[in-house]
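Trainee: What follows is a structure written as C-alpha cells; I'll ask about it next.
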Amino acid sequence: MKYMMFVCTDTEPDTDKADEPDIDVWVSENDTRGRRLEGSALASTSAATTVRVRNGRLLVSDGPFAETKEVIVGYDLLECADLDEAIEVARAHPMARAGRLELRPLIDLND
C-alpha cells in the first residue's frame, strides 16, 4: 500500500537529542528496502502560491493557503505492507522528533 508522508514542523519538538536519527541514513535504508519511492524537501512558504477558482474567476495569491505555525516542509512517498509498517518507517524519521509526520494512504482510483 502506498502512503504519502507529509513532513511538518511542530511548535513542540522533542527536547531529547540522544540518539537522534540521521536523515541520510533513513533515506538510504528506506530507498534500499524499497519502502521510500520518492521524497523531497519543499521551498519555504514564502515561495508558495495559492490558486483558486470562484464563480469562474481565477484567484491567485502569494503564500500558503493556511496561516499556521506548523508548515509542511517536505514529503516522502512510501510503499509499505500496511499502516503498521508505515508507522514504523515514520517513527525512525528525524522529523518524528523535531516535527511531526502525517501518513495518508493513497487511493487507487482504478478500484
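Numbering follows UniProt numbering, in which position 68 of the sequence shown is assigned residue number 68; successive positions increment by one, without gaps. We treat Cβ as the ideally placed atom computed from N, Cα and C, and that holds for glycine. These numbers come from a predicted model, not from an experiment.
(1) Mind checking which residues open and close the beta strand (DSSP E) that includes A41?
(2) Whose C-alpha, out of M95, D111, R54, is nearest the C-alpha of V7?
(3) Where are the beta strand (DSSP E) runs, 3 residues long or more, that stay fully inside the segment 19-85, in chain order?
(4) With L78 and K2 assumed to form a contact (beta carbons below 8 Å), what rounded beta-carbon distance in angstroms separates them?
(5) Kindly list the residues whose CB is nearer than 8 Å to the CB of L101, restricted to its own chain and excluding five residues on each side of it in sequence; keep chain order.
(6) Apart from the five residues on each side of it in sequence, which residues of its chain come closer than 7 Å, Cβ to Cβ, to P13?
(7) Check M1 in the structure and name its three-state DSSP category.
(8) Determine, using beta carbons only, whether A41 and G74 come nearer to each other than 8 Å.
(9) Would you decide whether D19 is buried or exposed? Buried here means 16 or more other CB atoms lie within 10 Å of its CB.
(10) Can you look up E102 in the DSSP assignment and give me helix, strand or coil?
Mentor: Checking against the coordinates, here is how it stands:
(1) 36-41
(2) M95
(3) 36-41, 49-54, 57-62, 72-79
(4) 7 Å
(5) M5, F6, V7, C8, A90, H93, M95
(6) R97, A98, G99
(7) coil
(8) By the CB criterion at 8 Å, A41 and G74 fall inside the cutoff.
(9) exposed
(10) When secondary structure is reduced to three states using DSSP, E102 falls in the strand class.
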